[in-house]
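Mapping the sequence shown onto numbering that gives the first Met the number 0, position 296 (from 1) lands on 295, and the numbers just tick up by one.
Each remark here refers to the structure printed beneath this line.
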Amino acid sequence: MEEATPSEVRERLTLIADLSRELEVSVYLVGGAVRDLLLTGELRDLDLVVEGSGADFAHALGERLDAPVRTHPQFLTAEVEDPLGLHIDIASSRAESYPEPAVLPVVREGSLEEDLDRRDFTVNTLTVRLGPDAGLELIDSRGGVQDLEDSLLRILHSRSFVDDPTRAFRAVRLETRLGLRLEPESKRLLNQAVEKQIVDRLSPARLRQEVVYLFGELENLEASLRRMDELGLLRTLHPRLSFDERDAERLTRVTDQIVRLHDKGIELPALEFWRLALMSLAWRLEPAVREELVDRLGLVGADRELLLGFRQRLEAAASDLDGSRVQPHLAARSLARLQAEEQVLLSALGDDEVKAWVERWLEELRHIELTISGQDLLARGASPGPAIGAVLTATLEARLDGLIGADEELDHAAELLEKGHQK
Ligand code: CTP
Numbered sequence: 000m001e002e003a004t005p006s007e008v009r010e011r012l013t014l015i016a017d018l019s020r021e022l023e024v025s026v027y028l029v030g031g032a033v034r035d036l037l038l039t040g041e042l043r044d045l046d047l048v049v050e051g052s053g054a055d056f057a058h059a060l061g062e063r064l065d066a067p068v069r070t071h072p073q074f075l076t077a078e079v080e081d082p083l084g085l086h087i088d089i090a091s092s093r094a095e096s097y098p099e100p101a102v103l104p105v106v107r108e109g110s111l112e113e114d115l116d117r118r119d120f121t122v123n124t125l126t127v128r129l130g131p132d133a134g135l136e137l138i139d140s141r142g143g144v145q146d147l148e149d150s151l152l153r154i155l156h157s158r159s160f161v162d163d164p165t166r167a168f169r170a171v172r173l174e175t176r177l178g179l180r181l182e183p184e185s186k187r188l189l190n191q192a193v194e195k196q197i198v199d200r201l202s203p204a205r206l207r208q209e210v211v212y213l214f215g216e217l218e219n220l221e222a223s224l225r226r227m228d229e230l231g232l233l234r235t236l237h238p239r240l241s242f243d244e245r246d247a248e249r250l251t252r253v254t255d256q257i258v259r260l261h262d263k264g265i266e267l268p269a270l271e272f273w274r275l276a277l278m279s280l281a282w283r284l285e286p287a288v289r290e291e292l293v294d295r296l297g298l299v300g301a302d303r304e305l306l307l308g309f310r311q312r313l314e315a316a317a318s319d320l321d322g323s324r325v326q327p328h329l330a331a332r333s334l335a336r337l338q339a340e341e342q343v344l345l346s347a348l349g350d351d352e353v354k355a356w357v358e359r360w361l362e363e364l365r366h367i368e369l370t371i372s373g374q375d376l377l378a379r380g381a382s383p384g385p386a387i388g389a390v391l392t393a394t395l396e397a398r399l400d401g402l403i404g405a406d407e408e409l410d411h412a413a414e415l416l417e418k419g420h421q422k
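In structure tokens, the structure reads:
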């Protein structure tokens, strides 16, 4: 979907303000949206807080825009998928209490002030009142504007990191993405939460989510990893995890390779950067340590399998691709077994020969498909059976090796069948 233009966003804010007047309910633009607006002059998403029922307001807005609405009553939140391509989050103003450190809070309806009190950093408490009164008003009751001017991340109260240690990871993300710096007292309290092993109490699922966010921001990743190391946060993922110059160099090779492939116009398969980054970081860990890390993050399914087995699979592929006897179909057979992130990692860290094969795979070989199917062979009088599959595979390999063109597939396959091709 296309991005909304600044004037479309302004129009949308006006419509929301008008609706708040009609419904006589207070509506605010809050948090990261206001922070980024002040920093960059741009609005990406609309995060709204409604004093009253956010769900009712969301339904009214959805109706006005003829847009789908999703509500999450247990969290007092709703989303409106604006046809302009804007993502609109709407929450009832909430108050939170933490039954114990590092667990999810108990949420109830509260005032705007209570909603701002439960937030992480002063720069995320900035609020613009959209309505019902006419005219926009900036609410900065916690010094967020000054902190933004001073590029400081400041927590609101001394228990902040104890209540919610995910804020330690959020701090790193905001520092590196926005060029902010933890204010000294906030940093001291973060250090304390790490030392007292409060951060260790986070559930695997919550820790994983933070890793996915942080490691997904590839352009800031080196700075984030250095900072995580400095703050002792990498060690909360696994005591053996650190970030030294060799890790930095490996990561640079990976990010440079992504840029290089992009610049060469090579379209990459769908990638999840956090998986690539985690593999790069876990590169030199022994298998047993890697398994502990995977457990700590609660990785399951394909993510788990990727992290546990990638080193072995990459070694096998690198040896398949080494030497002068490699033919395209052999390279394709070897590389098709790898997940997309493994292919990119191999092209970044492999020697020149391996790199060249992976790039050829990504650019050309992986797109080559047969234009015929078993049906075409049956239509030519072949009898059903396993030979059909084998012949199709052999025909694809001939295509990959450039021995035949797409228009020669059927003849080639029929000939192989006739010769009683076995493989
Ligand atoms: N928030 C918080 N503590 C958390 C998570 C979120 O206080 N552990 C608050 C912050 O005020 C934040 C708001 O909830 O601004 C919305 O959360 P989110 O969308 O995750 O944050 P953004 O600041 O919008 O960050 P991003 O730019 O990464 O979307």
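A virtual CB, placed ideally from N, CA and C, is assigned to each residue, including glycine.
The structure presented is a predicted model; accordingly, all values stated were derived computationally and were not measured.
| Query | Result |
| --- | --- |
| For R379, report the span of its beta strand (DSSP E) as first-last. | Taken as a continuous stretch (DSSP letters only), R379 belongs to no beta strand (DSSP E), as it is neither H nor E. |
| Is the closest heavy atom of the ligand CTP to the C-beta of G40 under 6 Å? | no |
| Flag this pair as yes or no: are the beta carbons of A247 and E221 separated by less than 7 Å? | yes |
| For T394 versus A412, is the C-beta spacing smaller than 7 Å? | yes |
| Quick one: complete alpha helix (DSSP H) runs, 4+ long, within the region 214-251? | 220-229, 233-236 |
| Give me the residue from A287, I138, L298, E290 with the minimum Cα distance to R274. | L298 |
| Which residue from E174, S159, H58 puts its Cα closest to that of T76? | H58 |
| Do you know offhand how far K422's Cα is from I387's? | A caution first: K422 carries a pLDDT of 46, below 50, which makes its placement in the model too unreliable to give a value. |
| Considering only the beta carbon of each residue, do T121 and V29 sit closer than 7 Å? | no |
| Exposed or buried, which one is V8 when buried takes at least 16 other CB atoms within 10 Å? | buried |
| If we count the other Cβ atoms within 10 Å of its Cβ and call it buried at 16 or more, is E314 buried or exposed? | exposed |
| Would G384 be called buried (16 or more neighbouring beta carbons within 10 Å of its own) or exposed? | exposed |
| Taking the straight line between their C-alpha atoms, what separation do you get for L14 and P131? | 12 Å |
| Give a yes or no on contact between the region 105-114 and the region 82-95, applying the rule of three or more CB pairs nearer than 8 Å. | yes |
| Of all the alpha helix (DSSP H) runs that stay within the bounds of the region 382-418, which reach a length of 4 or more residues? | 385-399, 408-417 |
| To the nearest angstrom, how far is it from the Cα of V357 to the Cα of T70? | 45 Å |
| Compute the beta-carbon to beta-carbon distance between R200 and P100, rounded to the nearest angstrom, for a pair I have assumed lies under 8 Å. | 6 Å |
| Taking the runs of the alpha helix (DSSP H) that are 4 residues or longer, which of them lie wholly in the region 91-162? | 111-116, 143-148, 159-162 |
| Apply the 10 Å Cβ neighbour rule to A405 and answer buried if 16 or more other Cβ atoms are within range, or exposed otherwise. | exposed |
| Which partner residues does Y27 have in the DSSP bridge list? | V48, R128 |
| Apply the 10 Å Cβ neighbour rule to L188 and answer buried if 16 or more other Cβ atoms are within range, or exposed otherwise. | buried |
| If you draw a straight line from the alpha carbon of S318 to that of L409, how long is it in whole angstroms? | 33 Å |
| Closest Cβ-Cβ distance between N123 and chain C: below 7 Å? | Absence of chain C from the displayed structure is noted, only one protein chain being present. |
| Say the cut is 6 Å; is the CB of N123 nearer than that to a heavy atom of the ligand CTP? | yes |
| Within its chain, find whatever has a CB closer than 6 Å to the CB of S400; leave out the 5 residues flanking it on each side and keep chain order. | The sequence given here places Asp at residue 400; Ser does not occur at that position. For D400, where only same-chain residues beyond five positions count, the Cβ hits under 6 Å are Q326, P327, H328. |
| Less than 7 Å separating the beta-carbons of V288 and M227? | no |
| Given this structure, state the Cα-to-Cα distance separating S110 from P203, to the nearest angstrom. | 32 Å |
| Could you tell me which residues DSSP puts in a beta bridge with T70? | A77 |
| Helix, strand or coil: how does DSSP classify D88 here? | strand |
| Hey, how far is the Cα of L233 from the Cα of F309? | 21 Å |
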